[in-house]
Each structure stands twice: as C-alpha cells, then as structure tokens.
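>
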Amino acid sequence: MSNPTLNRYFKEVLGISPKQCFKALRFKTALKNYRANGSYDLYDELGYTDFSHFVKEAKNLANTTPSEL
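Each residue of the sequence shown is one higher than the last, beginning at 1 in full-length UniProt numbering.
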C-alpha cells in the first residue's frame, strides 16, 4: 500500500491525518505528564524542538496556553 493511499484511508476512518493524530497524542502525553508531575520538562523528549514549539501546539490543539490548562 502506498503512503498516499494509507493516508487517505487513515483520514477516511479517523477524520484526521496521521500527522494530526501524532500531534494530538504527543500533546495528550505531555499534558498527562504535567498533571502527574506538575512540569512540562519532558517536552523535548516528546519531540518538541523547544518550549515555544510546545506552547504553539498547545494553542493550536487546545485553543489555550499551557499555563491556562
């Protein structure tokens, strides 16, 4: 199966692209870590280039900043 076909099926079934799904799962993991430890220190281990990258993604996915979560 080609990548475009896989991406199309993924989007048909879940309604989002694989990349959007990855971003949502990564953000959910970071949020769980914050709630458990009170810190976003693992943002770099989750693939965010820096904290501002994490904040930007939080604004896009949750429509809020991490401090408001």
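Yeah, the Cβ is synthetic: ideal placement off N, Cα and C, and Gly gets one too.
Every value quoted in this text rests on a predicted model; they were computed, and no experiment measured them.
Exposed or buried, what is F51 when buried is set at 16 or more other beta-carbons lying within 10 Å of its beta-carbon?
Exposed, by the Cβ-count rule.
> Under 8 Å, do S17 and F10 count as touching if we go by C-beta distance?
Cβ distance < 8 Å, so S17 and F10 count as in contact.
> State the CB to CB distance for the pair T64 and A58, rounded to an integer number of angstroms; the pair is presumed to be in contact (CB under 8 Å).
The Cβ separation is near 7 Å, so the contact holds.
> Whose CA, out of F27, S67 and Q20, lies closest to the CA of D44?
When only C-alpha atoms are compared, the closest one is F27.
> Checking 8 Å against the spacing of the C-beta atoms, do F54 and Y34 come in under that value?
Not in contact: F54 and Y34 (Cβ atoms no closer than 8 Å).
> Hey, T29 and L14: beta-carbon distance below 8 Å or not?
No. Outside cutoff.
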